[in-house]
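Protein chains in written order, with our numbering: chain P, 1 to 266; chain B, 267 to 532; chain C, 533 to 798. Just so it is clear, CB atoms sit at the ideal spot from N, CA and C, and this is done for glycine as well. These figures come from a predicted structure and were not determined experimentally. The structure appears right after this line, and notes come after that.
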Amino acid sequence: MKKIITLSSDFGVQSQGVGIMESVAYEINPEAHVIHLMHGLPSFDLLYAARTMETLNYVQIGFHVCVADPGVGTKRKPIIIETGRGDFLIGPDNGVLIPATRFLEGIKKVVEITNEKYMRKPVSLIFHGRDIFTPAAAYLSKEAGIEEFGDDINIKDLVKGPYEEAIIGKNEIRAKIISINKFGSLHLNIMHSSWDKFDIKLNDIVKVNFNNNSIKIPYATTFGDVEMRKPLIMKDDYDRVEVALNQDSFEKKYKVKIGDDIVIKK
Amino acid sequence: MKKIITLSSDFGVQSQGVGIMESVAYEINPEAHVIHLMHGLPSFDLLYAARTMETLNYVQIGFHVCVADPGVGTKRKPIIIETGRGDFLIGPDNGVLIPATRFLEGIKKVVEITNEKYMRKPVSLIFHGRDIFTPAAAYLSKEAGIEEFGDDINIKDLVKGPYEEAIIGKNEIRAKIISINKFGSLHLNIMHSSWDKFDIKLNDIVKVNFNNNSIKIPYATTFGDVEMRKPLIMKDDYDRVEVALNQDSFEKKYKVKIGDDIVIKK
Amino acid sequence: MKKIITLSSDFGVQSQGVGIMESVAYEINPEAHVIHLMHGLPSFDLLYAARTMETLNYVQIGFHVCVADPGVGTKRKPIIIETGRGDFLIGPDNGVLIPATRFLEGIKKVVEITNEKYMRKPVSLIFHGRDIFTPAAAYLSKEAGIEEFGDDINIKDLVKGPYEEAIIGKNEIRAKIISINKFGSLHLNIMHSSWDKFDIKLNDIVKVNFNNNSIKIPYATTFGDVEMRKPLIMKDDYDRVEVALNQDSFEKKYKVKIGDDIVIKK
């Protein structure tokens with residue numbers, strides 16, 4: 001098996017930072033393999049970033065860097081989280097790594113990165129992705145033990161994630177939009193298993209309330225189950241529940257945005 | 267030689283699906299090498315996607331995945347096409363793979379992918395790129411024979427490509443716009459060899475009719491042959507004929523779009 | 533150490549050219565490793581492209597291709613520049629490679645690429661990135677000596693870079709905007725060492741004049757040092773000076789663009 005280092009950021013294609021982080025990783029560990037998981041994170045949006053890190057559930061166990069930090073340059077701690085599954089999540093202590101741990105068998109250990117031996121020098125105050133996070137991933141993938149990077153942090157002292165799981169009631173789910181993809185489909189903070197507990201049958205209609213809208217939507221398995229431009233609610237590809245229009249943009253039609261609350265009623 | 271797996275999709279930089287498909291490929295075959303051919307395919311545009319797959323002509327023989335399927339979730343068959351050149355094209359049976367085969371020495375064999383042994387489980391109803399197409403490419407690149415994936419499909423039963431080749435007459439070519447690049451230049455369904463048969467000399471002027479426009483354009487070898495912002499028609503870099511403005515956008519100036527018909531007259 | 537080939541272009545995600553160049557490199561040298569440094573260069577913008585190549589300072593010594601050439605198809609020479617540090621910069625003789633050499637210990641040797649043995653055939657008149665530049669990088673990374681590619685070019689005969697270094701006076705710096713990132717922050721043609729010579733202390737206020745604006749900005753170390761949406765001037769991550777707003781876009785607020793002049797006064 002290759003040792004996989006993934007990189008995620010809000011750099012888009014408009015930054016050389018993506019390629020430079022890859023180069024830094026290979027300088028430290030030429031045997032690792034770098035995958036650019038996603039560099040199109042919206043700027044300053046912790047929800048979207050956290051949701052993207054959740055999808056590591058579908059990537060092999062590895063060393064995963066997230067550079068999404070609206071508070072960069074402030075006193076955020078750089079941290080490494082070891083997951084129950086065996087991954088190492090590396091990024092700022094701003095909550096962005098927390099939701100992913102719910103999918104990766106929880107948190108086993110957390111340390112603050114303080115050991116300068118494992119940093120690229122000089123350390124930029126801004127680009128921790130290049131000088132702290134990526135080097136940490138590369139050294140971890142090569143030889144270093146997590147305990148060598150710095151002192152333990154107590155899990156309860158970590159900054160909370162930018163969203164909790166939806167609240168599943170008997171007749172109602174109180175959820176939140178945690179990402180919107182390029183097709184304008186929404187993803188909610190509802191796991192497949194939570195949705196199953198809500199106990200709706202395929203083709204049942206639910207009422208979906210958000211902002212000043214209330215619309216009726218069938219629970220379907222996939223886009224093709226509804227007519228062109230009609231709404232549907234379904235299990236998405238990454239263990240979350242999705243609200244979408246068939247071949248049209250729900251986001252544009254209903255002017256919703258990430259962070260909006262959504263209530264689903266039977 | 268490395269075994270090359272290429273991935274193309276309409277995911278843009280705004281999706282982790284790109285990195286996840288790469289990870290899936292390496293889990294199955296760590297010795298292969300994944301190239302992201304192009305993830306900026308416009309959503310729901312089969313012409314553009316098919317045209318992009320044509321350019322595999324310029325990539326070494328390999329295992330090529332295309333995830334562009336407006337009908338995802340409907341009863342499209344997932345297929346593998348073995349080309350005359352020796353490539354394996356993997357994607358939906360919606361025509362998107364067909365034009366490429368005209369450049370890759372035709373179709374040798376086609377099978378429907380039904381063998382679950384070669385799928386990632388559980389198989390999503392939506393994200394066949396991750397769960398069916400990419401695993402197929404990886405297993406083919408490793409060891410599996412095409413016949414192990416499922417039954418043969420008769421070539422004449424395949425869904426037709428989204429465009430045919432242009433009709434080359436004595437004094438007129440009836441063509442179609444099959445892609446438009448970020449510079450606003452148009453690519454037509456005319457191969458270089460077909461253009462040569464039309465028998466126009468360099469610097470000759472042709473009449474180009476489309477929508478309600480009729481403009482005169484010189485046949486040139488490259489942008490620098492005409493003045494700034496002037497139109498030209500030329501052979502492009504990928505065995506097609508291109509209509510462009512020198513350092514300006516033909517698309518914006520003339521409001522054309524993919525799929526529009528274009529008639530070229532001597 | 534891996535042999536690193538980097539590719540930069542203005543192709544964005546909307547072009548298969550990116551993947552095809554990677555494939556061409558691996559066909560020639562399967563042992564090299566290709567890094568996509570940056571493909572989001574704005575079209576036809578030599579300043580931005582040149583500035584991006586400067587950041588190779590943060591990449592290991594390697595073989596670096598830049599495909600950014602508004603004059604493609606004209607009589608630009610394809611060249612290889614060997615830097616003092618030991619890199620090979622490959623691209624058009626249009627000045628785009630020059631500023632980077634100021635960061636890479638200067639220019640040691642330059643040749644014009646004329647030896648067809650090291651080109652992909654047939655050579656497109658347009659896509660030199662695929663047929664000339666990338667093959668040159670791959671052959672150089674494998675075995676070929678720079679002198680085998682063609683005759684020497686005298687350094688003073690090279691096309692000048694698209695910008696010089698800022699002029700540092702006693703009380704005033706005359707600078708230029710050489711790039712603007714996706715967050716709307718500006719980068720100026722002032723190296724960290726030049727800024728140090730200007731001798732401003734942290735938290736000092738400078739007057740920044742551009743177009744018809746004159747604003748007062750504190751010299752800070754990072755975003756968090758100023759209030760939300762307030763301006764700051766600081767050392768950036770790539771050895772240049774940056775002007776930005778904390779979590780807002782300086783570019784949009786003040787309508788500046790790449791190439792604009794900026795004067796900084798004590």
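Do you know whose CA, among the options, lies nearest residue i's CA?
| i | options | result |
| --- | --- | --- |
| C:G638 | C:H660, C:Y650, C:G618 | C:G618 |
| P:T285 | P:H128, P:H64, P:D261, P:S185 | Lying before the first or after the last residue shown, residue 285 of chain P is absent from chain P, which here runs from 1 to 266. |
| B:N323 | C:G616, C:P602, C:M553, C:T587 | C:M553 |
| B:K408 | B:F354, B:A441, B:E430, B:I347 | B:F354 |
| P:K3 | P:L140, P:P162, P:K109, P:L202 | P:L140 |
| C:M651 | C:R662, C:I658, C:V642, C:K641 | C:R662 |
| B:V425 | B:M494, B:N437, B:E378, B:V389 | B:E378 |
| B:E508 | B:T318, B:G416, B:I444 | B:I444 |
| B:S281 | P:K257, P:V263, P:K266, P:D237 | P:D237 |
| C:I790 | C:D577, C:I537, C:L629 | C:D577 |
| C:P631 | C:Q592, C:I712, C:R761, C:M723 | C:M723 |
| B:K383 | B:E414, B:E517, B:I392, B:K436 | B:E414 |
| C:V795 | C:K702, C:K762, C:N713 | C:K702 |
| C:G572 | C:P750, C:N713, C:D736 | C:N713 |
| P:K108 | P:D204, P:E82, P:A50 | P:E82 |
| C:F635 | C:K607, C:F730, C:E586, C:L629 | C:E586 |
| C:M533 | C:K787, C:A582, C:V591 | C:V591 |
| B:A315 | B:K463, B:L363, B:K341 | B:L363 |
Please state if the CB of residue j and the CB of residue i are separated by a distance shorter than 9 Å.
| i | j | result |
| --- | --- | --- |
| P:P135 | P:V24 | yes |
| C:A564 | C:A670 | yes |
| P:K176 | P:L47 | yes |
| C:D780 | C:M760 | yes |
| C:I593 | C:N561 | no |
| P:C66 | P:F133 | yes |
| C:K609 | C:I685 | yes |
| P:Q146 | P:I80 | One point to set straight first is that residue 146 of chain P is Ile, not Gln, in the sequence displayed. Contact flag set, yes. |
| C:G693 | C:G627 | yes |
Rounded to whole angstroms, what's the CA-CA distance from residue i to residue j? Just pull it up for me.
| i | j | result |
| --- | --- | --- |
| B:L303 | C:K748 | 47 Å |
| P:G184 | P:V208 | 17 Å |
| B:I376 | B:G416 | As written in the sequence, residue 376 of chain B is Val, which differs from the Ile given in the question. For B:V376 and B:G416, the distance between alpha carbons rounds to 9 Å. |
| B:E430 | P:Y163 | 50 Å |
| P:P42 | C:L539 | 25 Å |
| B:N381 | B:E293 | 19 Å |
| B:V389 | B:N455 | 36 Å |
| P:D260 | P:F210 | 7 Å |
| B:T488 | C:H660 | 12 Å |
| C:P624 | C:T584 | 15 Å |
| B:I265 | P:P70 | What is shown of chain B runs 267 to 532, which leaves residue 265 of chain B out entirely. |
| C:R772 | C:I705 | 14 Å |
| C:I737 | C:P750 | 4 Å |
| B:S275 | P:L232 | 23 Å |
| C:D728 | C:A776 | 19 Å |
| C:F730 | P:A144 | 42 Å |
| C:G806 | C:V788 | The requested residue 806 of chain C does not occur in the structure, where chain C is confined to residues 533 to 798. |
| C:K762 | P:K75 | 19 Å |
| P:D157 | B:K387 | 37 Å |
Measure how close the beta-carbons of residue i and residue j come, nearest whole angstrom, since I'm counting them as under 8 Å.
| i | j | result |
| --- | --- | --- |
| P:A166 | P:S194 | 7 Å |
| C:N803 | C:V758 | Lying before the first or after the last residue shown, residue 803 of chain C is absent from chain C, which here runs from 533 to 798. |
| C:G756 | B:I301 | Actually they are not in contact, since the Cβ atoms of C:G756 and B:I301 sit about 39 Å apart, beyond 8 Å. |
| P:K265 | P:I200 | 11 Å between Cβ atoms; not a contact. |
| B:L452 | B:E517 | 7 Å |
Segments of 4+ residues assigned as alpha helix (DSSP H) that fall wholly inside the region 428-507 of chain B: 458-464
Length-filtered (3 minimum) beta strand (DSSP E) runs lying within the region 9-67 of chain P: 33-38, 63-67
Within the region 598-648 of chain C, ranges of the beta strand (DSSP E) (whole runs, at least 3 residues): 610-615, 620-624, 639-644
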